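Data block below; observations after.
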Amino acid sequence: MDNYSDVVARIANDYMDRVKAQLRSVPPGEQDEFLKEIRSHLYEAYQQTPGEDDVARILVVLRNFGEPADVVADRLPGKLVRSGAQRNVPLYVIGGIFIALFGLPLGAGAVGVLIGLLGALAGIVVAYFASVGSVLLVGALFMLLGLVRWFLPHAWDQLVTIGIIRFNDTPGDFFDNLPPAEQGLLLIVVASVLIAAGLGGLWLGKRLLVGMRFLLTLAFDWLRRLAQGARRSLRGGEQPHAKAQRVHPTT
Amino acid sequence: MQYSDDGKERRITQLRKGILELAVMGVLYQGRHYGYSLVRVLSEAGSISLKEGTVYPILGRLDRDGLVRSEWVESDQGPPRKYYALTAAGRRLFDELSQEFTLLASLVQQKWRAPEPVEPARKIVVRKE
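Top to bottom, those sequences are chains A and B.
So the first sequence is numbered by my numbering: it starts at 1 and just counts up by one.
So the second sequence is numbered by my numbering: it starts at 1001 and just counts up by one.
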């Protein structure tokens, strides 16, 4: 090839073979003309590159010229050009089958478990506030009864007579031994304790809600990352083709 | 958050890809060139270096679109060279594209006026009677 030394000619020919391999689908006449043009460029660049070492000179020329895939870009019908990184289609198919068989069911299972956990957490919150609500309600009822016993003893007696208020066993005996005002006071004290417990439960519930919200945020963040990762993986499969059509000027 | 180097490189490549074609047309507007001489002119004119093979896809596109014509010329210094020159259609297109480019470049380099400073919102206290 031209006036190269043997070693340099071999390196240059090897490069030209790689360019030619990229031009398989180009008509022969057009292919020859393009190769002739590239050969002319490489020869002149080699002549203009200073240096004592011929091999180093041709390597510099080829490095400056770029990869064959980039050089032949837009010469191929339908832009069939590919970058140096070749895609192994059967491997992609096998990978796809594996993902379909294992990845998707596992992913769906994980999402199912996550939804179950979230449901359980929501259940805990609902049960907690129902209990706190009950304590408050009972406290309010005791307060009402205490006030009735203290200030409206006749109304209390009527409620006992028609069976709305009943005390059995030991608490009943203990209660009956107390005078009416003290009975009322005792009920008010118990009611106050219950209401205080209920209000404390509500205060704690606020903290519980904050904790739950934090857990929910974590779970949704994890789901979002999972979806983003899946989207990136899908996009990643398209990248080699897009990269192949790029022109690569470098600084 | 620091922007990734990959993203930066990709954007720089995209930017150059479009502008390099215009630069090639600009060089050919001044006179005919073959691939190697075109690369030398571009490399000497700008402070960026480029892969020399990059010009061939561009020349191929311009040729396919009828914007350049080419001819082989014998050289006494080595193999024949393929010279390219802009066609009349290519020259017209370059005139239009360079005007467009000037407008876009001025848009990018425009010294934009800074926005008016916004007064911080005052707190309103409502007293209950």
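By construction, the Cβ of each residue, glycine as well, lies at the ideal position given by its N, Cα and C atoms.
As the structure is a prediction and not an experimental result, all values here were calculated from the model.
Could you name the residues of chain A that residue i contacts, counting a contact when the two beta carbons are closer than 8 angstroms?
{"i": "B:T1102", "result": "Here the premise fails: no neighbours, minimum Cβ distance about 22 angstroms."}
{"i": "B:Y1084", "result": "Correct list: empty, because the minimum Cβ distance to chain A is about 10 angstroms."}
Chain B partners of residue i, CB-CB under 8 angstroms?
{"i": "A:R39", "result": "P1079"}
{"i": "A:Y43", "result": "G1078 and P1079"}
For the candidate residues the options, whose alpha-carbon lies nearest to that of residue i?
{"i": "B:G1060", "options": "B:W1112, B:E1009, B:Y1029 and B:G1035", "result": "B:G1035"}
{"i": "B:K1051", "options": "A:V55, A:G51, A:S40 and A:P68", "result": "A:P68"}
{"i": "B:V1027", "options": "B:G1046, B:R1010 and B:T1013", "result": "B:G1046"}
{"i": "A:Q48", "options": "B:R1040, B:D1063, B:T1013 and B:I1012", "result": "B:R1040"}
{"i": "A:E33", "options": "A:S5, A:A108 and A:V72", "result": "A:V72"}
{"i": "B:P1057", "options": "A:L62, A:G66, A:V55 and A:V61", "result": "A:G66"}
{"i": "A:G201", "options": "A:V160, A:F214 and A:Y128", "result": "A:Y128"}
{"i": "A:L144", "options": "A:A130, A:L194, A:L62 and A:N64", "result": "A:L194"}
{"i": "A:D6", "options": "A:L204, A:D54 and A:E37", "result": "A:D54"}
Whose C-beta lies closer than 8 angstroms to the C-beta of residue i among residues of the same chain, with five residues either side of it excluded?
{"i": "A:A197", "result": "V135 and G139"}
{"i": "B:P1115", "result": "none"}
With a 10 Å radius around its C-beta and 16 neighbouring C-beta atoms as the bar for buried, classify residue i as buried or exposed.
{"i": "B:W1112", "result": "exposed"}
{"i": "B:G1007", "result": "exposed"}
{"i": "A:V81", "result": "Only weak support exists for where A:V81 lies, its pLDDT of 40 falling under 50; the value from the coordinates is given anyway. Result: buried."}
{"i": "A:F142", "result": "buried"}
{"i": "A:N3", "result": "exposed"}
{"i": "A:H41", "result": "buried"}
Taking 7 angstroms as the limit between beta carbons, can you name the residues of its chain near residue i, skipping five residues before and five after?
{"i": "A:M212", "result": "L121 and V125"}
{"i": "B:E1071", "result": "Y1083"}
{"i": "B:V1055", "result": "V1024, G1035, L1038 and V1039"}
Which residues of chain B have a Cβ atom closer than 7 angstroms to the Cβ of residue i, listed in chain order?
{"i": "A:F65", "result": "K1051, E1052 and G1053"}
{"i": "A:V111", "result": "Result: empty, since nearest Cβ-Cβ is about 29 angstroms, beyond 7 angstroms."}
Residues of chain A with CB closer than 9 angstroms to the CB of residue i, please, in chain order.
{"i": "B:G1026", "result": "Within 9 angstroms Cβ-Cβ: nothing; B:G1026 doesn't reach chain A, min ~15 angstroms."}
{"i": "B:G1066", "result": "By Cβ distance, chain A contributes nothing, its closest Cβ being about 15 angstroms from B:G1066, past 9 angstroms."}
For residue i and residue j, I'd like the C-alpha separation in whole angstroms.
{"i": "A:S233", "j": "A:Y46", "result": "43 angstroms"}
{"i": "A:D173", "j": "A:F167", "result": "8 angstroms"}
{"i": "B:L1062", "j": "B:S1004", "result": "34 angstroms"}
{"i": "A:Y92", "j": "A:R10", "result": "36 angstroms"}
{"i": "A:G160", "j": "A:P171", "result": "The residue asked about is misnamed: residue 160 of chain A is Val in this sequence, not Gly. Near 15 angstroms, if we compare the C-alpha coordinates of A:P171 and A:V160."}
{"i": "B:R1145", "j": "B:E1100", "result": "What is shown of chain B runs 1001 to 1129, which leaves residue 1145 of chain B out entirely."}
Give me the chain A residues within the contact set of residue i, using Cβ-Cβ distance strictly less than 7 angstroms, ordered along the chain.
{"i": "B:G1035", "result": "E37 and H41"}
Leaving out five residues before and five after residue i in sequence, what residues of the same chain have Cβ atoms less than 6 angstroms from its Cβ?
{"i": "A:R18", "result": "P68"}
In chain D, what lies closer than 9 angstroms to residue i by C-beta?
{"i": "A:Q47", "result": "Protein chains in the displayed structure are A and B, and chain D is not among them."}
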